[in-house]
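What follows is one structure encoded as structure tokens, with my remarks underneath.
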Amino acid sequence: MKFFLDTANVSEIKRINDLGLCDGVTTNPSLIKKEGRDFKEVVSEIASFVEGPISAEVTAYDYEGMIDQARDLAKWASNIVVKIPMTEDGLKAINTLSKEGIKTNCTLIFSASQGLMAMKAGASFISPFMGRIDDMGEDGAKLIRDLRDIIDIYGYDSEIIAASIRNIRNLEDAALAGAHIATIPGNLFEKLWTHPLTSQGIDRFIKDWESFENK
Ligand code: G3P
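Be aware that the sequence shown starts at 136, since it is given in our numbering, and climbs by one per residue.
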């Protein structure tokens, strides 16, 4: 399973990248706004040290606008993936861009049929939002399982990025449901490798060793 960082915060990405846990990065307009930095500047800085795919999202919602922005974004770095919203214009843009060899990530997927449309249109990645589905009282993990089944039955090339991951359970569910990738907020990562019993165990070893050495 691959892990992407769902953030535009460069220090968070560097920290996780140094652990060998960063296979790529996803951003969106809200995450860019949070950093308060120029869009191109921050994406270029991320691309200077992350080798894997970096998703940068269009802010236009009409076909022509999306295509213009996507062609420009794709020139920022060789590993840019253009994030396109799941709409009719978005599907048309994904279809055009895939024929031009520009990789796309179809975002804001909330149903298996939306995912299937994006796969068929030629999306390189599809992003179901697990947390927001759970917020509605529905089952985000089931959607990931259904999308994975569709990919495996028909042999689509699209990879599933489990997005809107808010907690440890979301990540574990995404892994078990067969998501190819989970995109994880920077501030969640530490919780994924820590456990109170691990910390207690280390404290006990330190105390026992100190009292043994002092004899
Ligand atoms: O990857 C999508 C993510 O940024 C949205 O997360 O928590 O706002 O639903 P959230």
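The beta-carbon is built from N, C-alpha and C at its ideal position, and this holds for glycine as well.
The structure presented is a predicted model; accordingly, all values stated were derived computationally and were not measured.
Taking a C-beta distance under 7 Å as the contact criterion, residue 297 and residue 279 qualify as a contact pair.
DSSP places residue 240 inside the beta strand (DSSP E), whose first and last residues are 239-244. With a cutoff of 7 Å on beta-carbon distance, residue 187 and residue 158 are scored as near each other. In the structure shown, the three-state DSSP call for residue 229 is helix. A direct Cα-to-Cα measurement between residue 217 and residue 318 gives close to 15 Å. Look at residue 184 here: in three-state DSSP terms it is coil, with no helix or strand label. Among the bridge pairs identified by DSSP, residue 192 is matched with 218. Taking a C-beta distance under 7 Å as the contact criterion, residue 227 and residue 198 qualify as a contact pair. Annotation for residue 272 indicates a beta carbon at 6 Å or more from all heavy atoms of ligand 1.
By the criterion of at least three beta-carbon pairs nearer than 8 Å, the region 224-243 is in contact with the region 253-267. Non-local C-beta neighbours of residue 222 in its own chain, meaning closer than 8 Å and more than five positions away in sequence, comprise 196, ordered along the chain.
By the Cβ-count criterion, residue 219 is buried, with 16 or more other Cβ atoms from all chains shown falling within 10 Å of its own Cβ.
In the same chain as residue 144, and ignoring 5 residues on each side of it, the C-beta atoms closer than 7 Å to its own belong to 170 and 321, in chain order. Looking at the DSSP output, residue 294 bridges to 260.
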